[in-house]
Amino acid sequence: MNLNLLKGYLLALLSLLILTAAAILLVNNIGGSWRMQVFWRPVTLRPAVWLLLAASGGVVIWYTITRVIPAAIASLKRGKKRQREKENHQRLKELEKSKQDEKQNA
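The opening position of the sequence shown corresponds to residue 6 in this note's numbering, with each subsequent residue numbered one higher.
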């Protein structure tokens, strides 16, 4: 058994434990109702629904942090690089033009 295989088994076991704990928490909170202020008005839902909404919100936040923000940063870096290249190309053209004008005037 290599280290990667052991790591895979440990991560699978950890995932199973986390999902089992989440399922137990969800089942324990099926009955009753919670009242919560959601943005501008109070909303009354069962605790299990609130837990599912919180989980889906967590997934959206996780996706935003791990996928969207790095993609945005990479795109900004590429855009800034292209902008700098375009500016440098324009400066080079102006410099070459000024050198040609100097040669013609001399």
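Glycine residues also receive a C-beta, built at the ideal position from the N, C-alpha and C atoms.
- Remark: three or more beta-carbon pairs, one from each stretch, lie closer than 8 Å, so the region 52-59 and the region 28-37 are flagged as touching.
- Taking 3 residues as the shortest admissible run, the region 14-75 contains the following complete beta strand (DSSP E) segments, listed from N- to C-terminal end: 39-43, 46-50.
- Rounded to the nearest whole angstrom, the C-alpha separation of Leu10 and Val73 is 30 Å.
- Non-local beta-carbon contacts of Gly37 in its own chain, meaning distances under 8 Å to residues more than five positions away in sequence, involve Arg51, Pro52 in chain order.
- Shown here, Asn110 sits in a helix according to DSSP, grouped into three states.
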